[in-house]
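Residue numbers (my numbering): 6 to 321. One structure is given here, and the rest of the page talks about it.
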């Protein structure tokens, strides 16, 4: 038998025995994996506690490796996903989409623009472009959020937290965002990282800030990925920074491709990686474009110019 086969047999045998007391897995004894790594198994919590001094350092290293495997995996799409109407990826920038509380759905501005144009042409009442429910007032939206929050709707919890945050009530915002994050809201994780970074409503905590950034990044938020890349650059861990920036750039994040360019200029990123990221970034940006979205953006810019000109006239 070769050396490799002997090692494999020994590893398989060890996997079938408690790492602390050595008892084998039989019909009436079920072994459980270590809480943090996949290296050893135990027959009881007591055995796990007793074995911790010998296993602790190796466990931490393996747990970090497993975390990195998840962290540096390229997501198929951003945390926002696709517009439910046109099925194109939603723009990364939040001002390119609108949130409708009636159905807890985010719709791109292009589809909202097309829906509004149809209503004007056919003289129809204003309704949600997705569920066709009549558009609510701000007060009605808030009441609906409160109702949904009572049922632990993560989007509603996030919205209420955002309202308190805008009012400067950071502690209450922290409570709502924490609960929203627990129920899987990715944006809540990102916002919590900001609270820990600035110390708003909580004490500054870099470890917790990074934890929430990582959770958001794993779920596909390129803004969180960019922040992690920036933190790694400041810590001079350029190999990890480049990995973060490439993943975010592949999702179409503009700031990440710019920082990756700086890494390439300084020699921290290879020419091949930078070129591949450039192509992927452009493809991701192009995938979010449509004639309706371009028209909506043009209308938005026109309104901005018009309001700015009106203010200048009034001031004059």
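Ideal Cβ positions, reconstructed from N, Cα and C, are used throughout, including at glycine.
In angstroms, rounded to a whole number, what distance separates the CA positions of residue 279 and residue 291? 18 Å
If we call anything under 8 Å between Cβ atoms a contact, is residue 42 one with residue 67? yes
Under three-state DSSP, which class holds residue 110? strand
For residue 257, is the classification buried or exposed, using 16 other Cβ atoms within 10 angstroms of its Cβ as the cut-off for buried? buried
Quick one: grab the DSSP three-state call for residue 273. coil
Touching by the beta-carbon criterion (3+ pairs, under 8 Å), the segment 39-59 and the segment 19-27: yes
With DSSP run on the structure shown, which of helix, strand or coil describes residue 7? Note on residue 7: pLDDT 46, under 50, position unreliable in the model; the coordinate value appears next. DSSP places residue 7 in coil when its eight states are reduced to three.
C-alpha gap between residue 220 and residue 73, whole angstroms: 12 Å
Beta-carbon separation (whole angstroms), residue 231 vs residue 260, contact threshold 8 Å: 5 Å
Beta-carbon within less than 6 Å of residue 12's beta-carbon, same chain only, minus the 5 sequence neighbours each way: which residues are those? In this predicted model, residue 12 has a pLDDT of only 34, less than 50, meaning its place in the structure is not dependable enough to derive any value.
Could you check which residue in 109, 55, 88 has the C-alpha nearest to that of residue 5? Absent from the structure is residue 5, since the part of the chain shown begins at 6 and ends at 321.
Residue 188 versus residue 103 - alpha carbon distance: 22 Å
Spatial neighbours of residue 63 within its chain, please: C-beta separation below 6 Å, excluding the five flanking residues on both sides. none
Leaving out five residues before and five after residue 80 in sequence, what residues of the same chain have Cβ atoms less than 6 Å from its Cβ? 225
Status (buried if at least 16 other CB within 10 Å, exposed otherwise) for residue 33: exposed
Determine the burial state of residue 51: buried for a count of at least 16 other Cβ atoms within 10 Å of its Cβ, exposed for fewer. exposed
Evaluate residue 165 with the Cβ neighbour count: other Cβ atoms within 10 Å of its Cβ, from every protein chain shown; 16 or more gives buried, anything less gives exposed. buried
I need the straight-line Cα distance from residue 223 to residue 200, nearest angstrom please. 19 Å
Mapping DSSP to helix, strand and coil, what is residue 207? coil
Presumed contact (8 Å Cβ cut-off) between residue 159 and residue 293, rounded CB distance: Not confirmed; about 24 Å, so no contact.
Restricting to runs no shorter than 3 residues, where is the beta strand (DSSP E) found entirely within the segment 247-304? none
Specify, as a first and last residue, the run of the beta strand (DSSP E) that residue 103 falls within. 102-105
Pairing CB atoms from the segment 211-220 with CB atoms from the segment 241-250, are three or more of them under 8 Å? no
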